[in-house]
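Have a look at the structure below before the remarks.
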Ligand SMILES: Nc1ncnc2c1ncn2[C@@H]1O[C@H](COP(=O)(O)OP(=O)(O)OP(=O)(O)O)[C@@H](O)[C@H]1O
Ligand SMILES: Nc1ncnc2c1ncn2[C@@H]1O[C@H](COP(=O)(O)OP(=O)(O)OP(=O)(O)O)[C@@H](O)[C@H]1O
Ligand SMILES: [Mg+2]
Ligand SMILES: [Mg+2]
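Chains as they are written, first to last, in our numbering: chain A, 493 to 788; chain B, 733 to 1234; chain C, 23 to 351; chain D, 23 to 351.
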């Protein structure tokens, strides 16, 4: 869905919830948007979803929060690109503030809805280890260094892989870019052609890695993170070994739902875990159908 | 060493080469306070190079420089300026984006107080007005943006820049090449005043009359060697030429007269931007028509308008009685018109491209083969032909235009337009900066063009060359053609009268 | 047409008006933009929102005025975004991690920016790299790399109030950061128009060879130019830290593009020698107003890019049209 | 010194060698880099790895050769990364979503790139925007916005083999994409040195006014230049799709920087008129070799940027040193 005006369906008197995401330029955040919009439709809330061009546009996100607050919404749902940065502006907010996907040390927040990225990475590491033997060589593909979400995932994955006794022979960045990930993997294979498994900090990179592996005709287990449509399809085709989905749709949906609850003065849990889903061949079909319904 | 107190400046055994090109092979030069010392030599003889070494713009390979008897080491232009050397370079060295007065004080701004204080714009303006006044220029000029001025006025600003400087030696590298008679006269008066104040002047020029008039001593350079230094007044210009080109020159203006044919080129009611009324004139086969006038008379504007170089223009142009529509330079070239522009650096050359590239640029079509690829060999041969014909030096087609001497650059621009095989040639100050020998070559070329059935129009601020080479003279003033004189009736006085309106 | 015309007072006035307009050329683009947004959104022309814009523009305004100098010399500084990041990371290490005085921190922040800027200048002039694109592309990567290394990519939060002051506080309704912008711009205006070095910057951009032959120490001026550009990156970082109370190594990513856009929209030329302080301010405001307006109108993110692209072209085109008219008249 | 020196055969040889060196200047930087990496990693100089580098460099090489043209005219094209993305998204829609012929898809891909490039040229010449930085910054945003809009930011996968061929296949050990690069570079070399338009490109960059007065239709040439640059973005996109078998709207993000870097490292000048096809190839290879080497050596992520920055400066500096020496000699 690409329209922003669909929320304005009902008559006046609707509550308005502003949702400021890290970006809207990737499928993951589109799922969050879809969830938020769906909740708005079901509950009769006017939902505005905005986000900068890229996750790295941190100040642009702050500006967007300011501009949304300026229009006095009933509540604000935010997914901070850099957790600490939103604190000063959100502290001044006089309306309920809910954080989704990424938490921040905000005193006046109503709730945090999401899964820690560390946990997602940890699950990914566990999944990869379960497919391999102890002592197997693995590689990690990280996002652009300094991107807190991918950095946390990498930390989690590393911890799980090390616990399971895997040998991490390479850890290289590919800036969350599919093409770069492919090149990086080709180069890693050049030196370590006995790598048995790869953890990638997002699905795009996982798919790029997969391409490099396939081209060499090697049997390497590749695990991604995010659970995008493309990744799930690849799992169904028996290519990608698995991905860790953080349930972005649910985050968006719960975010708006609880925002409305807060506006109405109802009690909202301080911490709502949207859970992670480990997606492998077993449950991929189900996930695919769900993703298809929400992305129309 | 001998006592040197007599000399202001002494250069000894100066050597300089660029790559394999040995330009200066041991030059000696001495300049005394209050004298006008002239440097004379063919294009590419190394005059500009020598003075650039003196001003710290280039580094010498060998030799010594003494200033007031003491050896000096000139690493940068600042070093030379500190000694009291002011320089008017051959190629304009101005900042088009800055105002006139800012250009005049560039590098030596006046300030309100100490070293760190603000600039004193007011004082600079006043002082700039004074310097421009010495050259007979209006004080209103000071606040103009320099880039908006014509090339002649820019040159005057350069001269004013040197005057504003409390110098002991002023170097002038072809200062009069872009000036017309009136400004030249002002400059001569200026030079005489400076001389009286004991300021020495190192003067480079290709104009023999002016050397005779101003110079005290003359040094002749040839092939990187100093040939001779001698007093100006007691020696004969023909002797200088002999020393400088290695042979004697029979005639300075090889004028040939051809039978006058029918009208070949006609301009009717042409509205030139900035001109008060439409302009028209015609040229017949077999004649060379000169256009004279003062700086800023609008001659260049007229030429550019004919050529379609400036937009919005009304009027008709006929070649052989047929009207040609000209909206752009491309149209003009297709119609067979060539404009040899006056500003070789700004409008003529690709400084970073080779000579063959430059020479064939306006006529690349000719070298496209059937395969639509360019015939590189053909280009090189054509370029070599022109280099030989115009005696461009060094005769290496691979050289970048930037590395040629000023006069040789001018020849490359001429070659570029000869290469187009046009029918109508408009030369705008074609001999600017060209040495006496080469000038004759250019004049011969014009003769040849006329003989072979081309129309030739020459815009020039050099009255002698107008009088010497043209069959008819148009005089312009403030955008209007104020006189149309057959050469028999054209005298210096009549032309000046029409040009000044006096 | 053909007679000499005595200038009437009216015409003289017109002339002055024209000069003012041509000086504040891009202003017309800004005014048009403001008019359109005022019509489209009732929230746009409120004190609150105007102050928002003032605050949101300040970081880019500071980077842009620094960027003006290299561009005036026909150069460019691609490193400002990275220098901003490195400056604030170092400030964070000094004040938060090591707990030293906030004033020392501010000093470190500005010094790191200026120091790396100086390095840009040295690389350009002493190593004689062919174009600042290369040297600043290099230091852009180097500085970003160091910013990532120093804390292992971790962000730093919890800065002392003294550091936050500039980016956070208000004087009445006016954000301190915007007052800072005004002060800085006034200083730059004086610097560029009234001091020797300022004029030399224009001269070098206009014709570097002529500048050198006029005895200007071109290298020295260029080093000053890049040092100042780096210093402004540090200052912009200080303001940013004040706004978000944290420093992170990816701060300022690709900010150089916005800064360059502001300078060019403001009427400066990549060919050097042309450009003004006030034009740059207007350029920065155009960008900030545009972003703010799009947010107020809740334009979806993917459409925002398209709109921003179109408006950038349109804003400059308005100026081009105006100049063409004033030339014809 | 003053006598005429007869050139020995040796000297003539030396001269030729020098000319070759000065033509392939940045080559020395590349060779040095290769030597260092060969020593550091035994895997580096293997056929396999060399082919890897060839393949990895191809996308940037194609963008860079397109970028060379605007830079030769003293311009720039910031939009190539975005045009790449838009081209492949449209190709995806045509072939995957709508199931049309892959050849139509390829045509669409190239046409979208060329079409937007043409628009860049029109904006620059007909609207008379002051510098292509503005027009291409505008279209960079517009094209990226559209790329995001057309599928709502969703990627498209599963391209037919005919489309994947270029980016995926090998002829013996040699990747087809690199053969494509070679062919394209040869064509560009012929275009730039042997055709009228090619030479006009150099002329315009060297002195636009002189070019115009020499009868060159400057606007027409500039439009061609930007159209070709866009076309190459489309072609690079085609190779990318072949490599990763999917199109995504954020593809090619900030690829313009790598392309510009390759051109400048390859010895071209932002001032226009200077630069060669082979230099550009070497520039693209330097960047690819560097990235490959960092991966092979498993250099930690945080050090990579710093190393890249340093090597960019060093590679160019080597060339500067060489030129300075050859001038002295
Ligand atoms: N920067 C340079 N690089 C290479 N060669 C140069 C350079 N500057 C000058 N030359 C060469 O040095 C020689 C002397 O040039 P110079 O400009 O000194 O001549 P000139 O006597 O002033 O001639 P003109 O009367 O035409 O001005 C010429 O052959 C020229 O090609
Ligand atoms: N771009 C410009 N902007 C404003 N004024 C200009 C511009 N170019 C030329 N002028 C002015 O127009 C007038 C005519 O200049 P033009 O160059 O045509 O004269 P000219 O007779 O050819 O003299 P010159 O001997 O200098 O070539 C001059 O006063 C000049 O200062
Ligand atoms: Mg000379
Ligand atoms: Mg003239």
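Ideal Cβ placement from N, Cα and C applies to all residues, glycine included.
Between residue 324 (chain C) and chain D, the shortest Cβ-Cβ separation is below 8 Å. Among the residues facing chain D, residue 210 (chain C) is not included, as its CB has no counterpart in that chain under 8 Å away. Using a C-beta cut-off of 8 Å, the segment 187–207 of chain C makes no contact with the segment 754–762 of chain B, since fewer than three inter-stretch Cβ pairs fall below that distance.
Measuring C-alpha to C-alpha distances from residue 758 (chain B) to each of B:884, B:868, B:742 and B:1229 identifies B:742 as the nearest. Remark: C-beta atoms of residue 250 (chain C) and residue 91 (chain C) approach each other more closely than 8 Å. Setting aside the 5 residues that flank it on each side, residue 276 (chain C) is surrounded in the same chain by 103, each with a C-beta closer than 8 Å to its C-beta; the list follows chain order. Residue-level contact check: residue 266 (chain D) touches chain A, since one or more beta carbons of chain A fall below 8 Å from its beta carbon. Just measuring C-alpha positions, the residue of C:121, C:166 and C:229 sitting nearest residue 879 (chain B) is C:229. Here residue 645 (chain A) really is in contact with residue 693 (chain A); their C-beta atoms are around 5 Å apart, less than 8 Å.
In the three-state scheme derived from DSSP, where H, G and I count as helix and E and B as strand, residue 837 (chain B) is classed as coil. Against chain A, the beta carbon of residue 65 (chain C) has neighbours under 8 Å at 562 and 563, listed in chain order. The beta carbons of residue 874 (chain B) and residue 826 (chain B) sit no closer together than 8 Å.
For residue 956 (chain B), the shortest separation between its Cβ and any heavy atom of ligand 3 does not lie below 7 Å. Within chain A, the residues 670 and 696 have their CB atoms less than 8 Å from the CB of residue 270 (chain D), given in chain order. Judged by DSSP in its simplified three-state form, residue 268 (chain D) adopts strand.
Pairing residue 1013 (chain B) with residue 1160 (chain B), the inter-Cα distance amounts to about 17 Å. Closer than 9 Å at the C-beta level to chain A, one finds no residue of the segment 143–164 of chain C. In summary, residue 523 (chain A) is buried, with 16 or more beta-carbon neighbours lying within 10 Å of its beta-carbon over all protein chains present.
Listed in chain order, the non-local C-beta contacts of residue 748 (chain B) below 7 Å within the same chain comprise 755, 756, 781, 785, 790, 792 and 793, local neighbours out to five positions each way being set aside. Taking 7 Å as the cut-off, one finds at least one heavy atom of ligand 3 near enough to the beta carbon of residue 1138 (chain B). Of all alpha-carbon atoms in D:99, D:318 and D:283, the one lying nearest the alpha-carbon of residue 142 (chain D) is that of D:99. Separation of the CB atoms of residue 209 (chain D) and residue 332 (chain C) is rounded to 34 Å, and the pair is thereby denied contact status at 8 Å. Within 7 Å of the C-beta of residue 822 (chain B) there is at least one heavy atom belonging to ligand 3.
Between residue 985 (chain B) and residue 1200 (chain B) the beta-carbon gap is near 3 Å, inside 8 Å, which marks them as a contact. One thing to note: residue 1003 (chain B) has its Cβ no nearer than 8 Å to the Cβ of residue 956 (chain B). The segment 1069–1155 of chain B contains, as complete alpha helix (DSSP H) runs of 4+ residues, the segments 1087–1092, 1108–1121 and 1138–1150 (chain order). Against chain A, a Cβ distance below 8 Å from residue 318 (chain C) picks out 559, 562 and 563. Residues of chain B with a Cβ closer than 8 Å to the Cβ of residue 296 (chain C) are, in chain order, 829. Contact of residue 167 (chain D) with chain C is assigned, a C-beta pair being separated by under 8 Å. At least one heavy atom of ligand 3 sits closer than 7 Å to the Cβ of residue 780 (chain B). A check of alpha carbon separations from residue 187 (chain C) across C:238, C:177 and C:198 identifies C:198 as the nearest. DSSP places residue 213 (chain C) within a helical segment (H, G or I) once states are collapsed to three.
Burial check for residue 945 (chain B): the Cβ neighbour count within 10 Å stays below 16, so the residue is exposed. Spanning the alpha carbons of residue 1138 (chain B) and residue 775 (chain B) requires a straight line of approximately 7 Å. Residue 279 (chain C) is outside the set of residues whose beta carbon lies under 8 Å from a beta carbon in chain A. Annotation: Cβ neighbours of residue 576 (chain A) in chain C (cutoff 9 Å, chain order): 177, 178, 179, 180, 266, 267, 268, 269 and 270.
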